[in-house]
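First up is the structure itself, then whatever we jot down about it.
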Amino acid sequence: MEGKGRPAILKEECTGCGACVEACPIGAIRMHDGLAQIDESCNLCGGCRDVCPSGAIRFPEEDREKQPAVAEHHHVWVFAEVRQGKLASVVPELLGAGRRLADQLGESLHAVVVTAPREEIYQQLFGYGADAVWQVEHELVFEGDEMARAAALCQLIRRERPAVVLFGATAMGRSLAPRIATRLKTGLTADCTGLEIDPETRLLRQIRPAFGGNIMAEILTKYRRPQMATVRPRVMKAPRFRPDSSGPIHHFVPAELDGGLTLEELVLEEVETVNLEDADIIVSGGRGLGDPRNFALLEELARLLGAAVGASRAAVDSGWIPYPHQVGQTGKTVAPKVYIAVGISGAIQHLVGMQSSDVIVAINKNPDAPIFKVATYGIVGDLFEVVPALIRQLKKMRGVT
Amino acid sequence: MLHVVVCIKQVPEITEVSIDRRTNTLVREGVPSIINPFDMYAIEEGLRLKEAHGGTVSVISMGPPQVESSLKEAVAMGADRAVLLSDSRFAGADTLATAYTLAQGIRRLGQFDLVICGKQAIDGDTGQVGPGLAEELGIPHVTYVRRIRELGDGMLRVERMVEGGWELISTTLPALISVVKDINEPRLPSLKGIMRAKRTPVTVWGLEELGCDPQRVGLTGSATEVVRIWTPEPRESGELLQGDPEQQARQLVERLRGLGVI
Amino acid sequence: MQYFLSEEQEAIRDLARRLAEEKIRPQAPVLDEREEFPSQLMKELARADLFAVPFPEEYGGMGYGLFELCLVVEQLAWACAGVATSYAASFLGALPILEFGTEDQKRRYLPSLAAGERMAAFALTEPEAGSDAGAISTTAVRDGDHYVLNGTKQWITNGGEADVYTVIALTDKTKGARGASAFVVEKGTPGFSFGKKEKKLGIRCSVTRELSFTDCRVPAHNRLGREGMGFLIAMRTLDKARPGVGALAVGLAQGALDEAVAYASQRVQFGKPISSFQAIGHKLADMATLIEASRALVYQVARSIDAGQRDFSKESAMAKLFPADVAMRVTLEAVQVFGGYGYMRDYPVEKRMRDAKILQIYEGTNEIQRNIIASALVRELKSRRR
Ligand SMILES: Cc1cc2nc3c(=O)[nH]c(=O)nc-3n(C[C@H](O)[C@H](O)[C@H](O)COP(=O)(O)OP(=O)(O)OC[C@H]3O[C@@H](n4cnc5c(N)ncnc54)[C@H](O)[C@@H]3O)c2cc1C
Ligand SMILES: Cc1cc2nc3c(=O)[nH]c(=O)nc-3n(C[C@H](O)[C@H](O)[C@H](O)COP(=O)(O)OP(=O)(O)OC[C@H]3O[C@@H](n4cnc5c(N)ncnc54)[C@H](O)[C@@H]3O)c2cc1C
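Residue numbers (our numbering), protein chains in the order written: chain A, 1 to 401; chain B, 402 to 663; chain C, 664 to 1049.
Below, the structure is given as structure tokens:
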């Protein structure tokens, strides 16, 4: 193999044992004339090298630019997103994860705020485990200009050299983090579901799903700093809040900043119900509801459960419910504690958006519907009988407790 | 004249991907490739802007030679120009290296007003290339755009989906946006477009043509490294609740209470 | 079977298939239920350039022939015969202009029809003149540089939706069929109105309406061909369009077979998929064989016509007759394979069965096709003797 981007098979060494073919997680290796052959799709994961008994697989030289300062980066930072004056629900979760990492490193945990200074935000950050808070101070930054926010954060990160920076995988986090990582020429891992420090190398081991959760990958940022990651809301556990904690607040006034965006208006649409992203429980409806009016039934169920209302694409495309409610490949990816799929068949494009939920409940009249394959609890039946029964049961329960 | 650049990625058709439970690997044999679904909305939006304002739409992708078929499909839909950034040294790129390489390609295309990306690719699921690319190009970006309200006179005004609602954001051109499904309904290619695509060659640029720093592309230029890939355990098979609807409902409420989730 | 399509023909077929799968199929049951004309889908077909396929390039078409038209119609009918009928009927309405129009007439009408901006319809049938088209009574009386039309056309596909109508009317009542002429009448012409929309057994999204002419003045330059050529124009048009009906039948039947095979492999009775019962397997085998024979016939006749075969009434009648009968039989069998489920409107095969029936009736009933074939046989024998 001559491609520089692919590992080379040393013909003299390869015994044709096929161990690499078995080991390749993406099926990129084939046996040809008794020799292993690696095709274009190789993503250089190294699985084959590790199993090759004769050392016949050579990887491209790792002559990457090594930052000299890797060792000079310390502490774990968490981006403290504030939305409409409130700390985003993902921030305590990030602080929980960050705390563990900081403890494993024997370093401290810092939170960075880019919205206007507020005492109660600081209290929450300390209460959820931050050792120190960085408050960025600049008009453009306060006004919500993400370009200015990214620029200010880059200045601060360059100066302070954190080892790890975590963002929530929210609209804001997923916009800021890649901008910052690119400017700092460092690595960023999206949507991590697991984070830990390797005790030997002190590297951040980042675990994330890809392909809609069909595969998992472990990712390292070995030679650049900081090690950056976004974490989906509701994946990490928020720590217990300790009300009396406090710590130092550092103020950072960035050098001159170029703005980029003007946030003219924010319109909140789903005031009545809970956001899909923040919900512990989601009740989702599909084509089986048959009519937009029947979503009222789901809304009643959702209210009783304190749940958010989701939908399949079929329901959205029929105009029964707006797109922000769509779950799945071309909608939102959610992972609540409980996902209740009502009248949804469970097409793969829907499953990839919700299959990492803790508990999945399927209500469908077709016992062969693929949704039952992922369901923790399945109810085969007519939703127009089952959902009202469920509503009655919940009301009864509320009455009793 | 408006020049819109649309970035597309070729991904495997997810419905066709299965997992070999014996070897615990992804079965890719014979899996067809498609344009990343979110990028279809990006192409459509580019074409609509061209129809409304005049100008041209270029589509660009980084990937192996077989990505030509996806670029041709974009031409069949109405794009004017297709560019493939392809070089064996680009292989193994993470989002950082991809953003750099795409930026080199877009610079080489010449003056442009707007770059459109899909919200994220369905295989990697990161959504990082768009903002990273904007940074490389030194232009502002807005993610999750669900509607373009206004474009012209060097400025752009868009609605951006955020948790619980949307924001109205304005910025200056050139800029980059990433779009969500809500923004439009992509067209199918037209027959004349398909015939034109057959005749239109895809421009292929490699590392040298792009003047890329070899240290910044592909695996070498990547900051992250995938050290391990595995398939998660399949979900344990669930429990079918029996009885009449009332009994089924009662059991479900009991189970959920038992788990402490309600 | 491999029909050795050119790369371009494959592209045409594949695009029509994509539209059928992605746009038409999801909507077919709804359109049927609501008896709703698929205006949006017609726009999609137009945007995909499918209307342009059989028109010459100088009129904005793609310059392909009847065969390519058949490829499109077959795929559309695979998803919905009603949508395919609406599409094909527009070409039927345009054919007389294409074949018999003057340069000026072609310039005026064909580009917008090829672009799918406007649709066409073909109006021959009347309450008293069905199979016996010579019995029409709509009249067109010359008055200066106009003709004045009076009468009623019945069951006109695309009636009310189309903008351009080719109408066969009598310019000389005394001569009967030889006194007929063909006219292009535009929607909106004073005196031209539409009757009620028919409620049908099948192809319910295709619109069938009455056309009514009351002292409707049509410019003389809208007459196609000479006076008295109307009947010839109508017959030539129908001859040429018939393989299209055959293609529609092939697509419809193929869709029914696909559904039946999928269902038979999945439905379990007596502990086995019903496809493993020979009675079902043989049924499927017969259906597949009949469909392939129909397709081969339609494709070859269309290719022969495109290649310049002169007299093709007999073959084109065969290419309508056989596939239409096959579609009827195949869709009946498909319902049988589905059993009781097949009889339910929740499942897609009963619609196909309802849709198939029209194929044995319109554009000349199958009895009339047999008449055409039989008389051609006799004619051929005579000419050989001579
Ligand atoms: C590129 C692409 C992207 C896509 N992205 C998404 C996405 O993001 N999200 C998404 O959801 N889909 C997505 N899809 C669509 C997906 O393939 C399915 O078409 C869609 O999820 C089906 O929605 P559904 O389950 O509501 O409808 P259906 O598949 O029609 O299922 C309806 C279900 O309701 C049941 N039902 C009917 N009546 C009752 C009743 N009275 N009681 C109980 N059950 C009943 C039926 O048994 C059936 O299982 C995508 C498709 C493509 C091609
Ligand atoms: C949905 C629909 C759409 C249509 N669209 C159009 C259109 O767009 N334009 C248009 O001009 N017309 C259209 N028609 C009319 C169609 O072409 C006629 O219905 C058809 O030609 C048969 O005429 P008829 O219905 O009057 O039947 P009849 O002629 O009354 O026939 C009744 C029966 O007698 C048989 N029969 C009649 N004469 C003979 C014979 N000589 N030998 C043997 N059997 C005979 C017939 O085969 C049939 O079985 C449409 C009809 C329908 C139902």
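Quick reminder that beta carbons are idealized off the backbone N, C-alpha and C, glycines included.
Please read these numbers as outputs of a predicted model, since none were measured by experiment.
Item: Given 8 Å, three or more beta-carbon pairs between the region 903-922 of chain C and the region 837-845 of chain C; Value: no
Item: The alpha helix (DSSP H) enclosing residue 175 of chain A, as first and last residue numbers; Value: 171-184
Item: Rounded separation between residue 651 of chain B and residue 234 of chain A - CA only; Value: 28 Å
Item: Assigned exposure category for residue 556 of chain B - 16 Cβ within 10 Å defines buried; Value: exposed
Item: DSSP state of residue 65 of chain A mapped onto helix, strand, coil; Value: Residue placement at residue 65 of chain A cannot be trusted, given a pLDDT of 42 that sits under 50; what the coordinates show is reported in the next sentence. Coil at residue 65 of chain A, not helix or strand.
Item: Partners in chain B for residue 685 of chain C, counting only beta-carbon separations shorter than 8 Å; Value: 589
Item: Partners in chain C for residue 592 of chain B, counting only beta-carbon separations shorter than 8 Å; Value: 674, 675, 678, 711, 712, 713, 715, 716, 725
Item: contact_flag[the region 810-830 of chain C, the region 748-767 of chain C] where n(CB pairs < 8 Å) is 3 or more; Value: yes
Item: Distance cut-off 7 Å: residue 955 of chain C Cβ against heavy atoms of ligand 2; Value: no
Item: Proximity test, residue 644 of chain B beta-carbon vs ligand 2 heavy atom, cut-off 7 Å; Value: no
Item: contact_flag[the region 528-540 of chain B, the region 501-517 of chain B] where n(CB pairs < 8 Å) is 3 or more; Value: yes
Item: Listed by chain order, chain D residues near residue 275 of chain A by CB distance under 7 Å; Value: The structure shown contains no chain D; its protein chains are A, B and C.
Item: Near-chain B residues of the region 137-162 of chain A (beta-carbon distance less than 7 Å), N- to C-terminal order; Value: 147
Item: Contacts around residue 817 of chain C, its chain only, beta-carbon distance under 7 Å, and the 5 residues preceding and following it disregarded; Value: 788, 789, 790, 873
Item: Closer than 7 Å: residue 649 of chain B CB and nearest ligand 4 heavy atom; Value: The model on display carries ligand 1 and ligand 2 but not ligand 4.
Item: Buried/exposed call for residue 705 of chain C, threshold 16 Cβ in 10 Å; Value: buried
Item: Any C-beta of chain A under 8 Å from that of residue 443 of chain B; Value: no
Item: Beta carbon proximity, residue 461 of chain B to chain C, threshold 8 Å; Value: no
Item: Pick from C:801, C:894, C:949 that is closest to residue 996 of chain C, judged by C-alpha positions; Value: C:949
Item: Local Cβ density within 10 Å of residue 366 of chain A, reported as buried at 16 or more and exposed below that; Value: exposed
Item: CB of residue 95 of chain A within 8 Å of CB of residue 197 of chain A, strictly; Value: no
Item: Closer than 8 Å at the beta carbon, the chain A residues around residue 439 of chain B; Value: 330
Item: Neighbour-count burial assignment, residue 669 of chain C, 16 or more Cβ in a 10 Å radius; Value: exposed
Item: Extent of the continuous beta strand (DSSP E) run through residue 249 of chain A; Value: 249-252
Item: Contact test: residue 1025 of chain C Cβ vs ligand 2 heavy atom, cutoff 7 Å; Value: yes
Item: Residue ranges of each beta strand (DSSP E) within the region 3-78 of chain A, 3 or longer; Value: 29-32, 35-38
Item: Start and end residues, alpha helix (DSSP H) containing residue 735 of chain C; Value: 729-742
Item: Same chain, Cβ closer than 7 Å to residue 64 of chain A, five either side skipped, listed in chain order; Value: Because residue 64 of chain A sits at a pLDDT of 41, beneath the cut-off of 50, its placement in the model cannot be relied upon, and the following sentence gives the value as read from the coordinates. Same-chain partners within the cutoff: 223.
Item: For residue 350 of chain A, the three-state DSSP class (helix, strand or coil); Value: helix
Item: Contact check, residue 163 of chain A vs residue 99 of chain A, beta carbons under 8 Å; Value: no
Item: Length of the line joining the Cα atoms of residue 467 of chain B and residue 681 of chain C; Value: 21 Å
Item: 8 Å Cβ cutoff, residue 596 of chain B in contact with chain C; Value: yes
Item: Residue 297 of chain A at chain B interface by Cβ criterion, 8 Å; Value: no
Item: Interface residues of chain A facing residue 656 of chain B [CB-CB closer than 7 Å]; Value: 377
Item: Candidates C:928, C:909, C:1003, C:930: closest to residue 1029 of chain C by CA position; Value: C:909
Item: Buried versus exposed, by CB contacts within 10 Å (16 or more), residue 251 of chain A; Value: exposed
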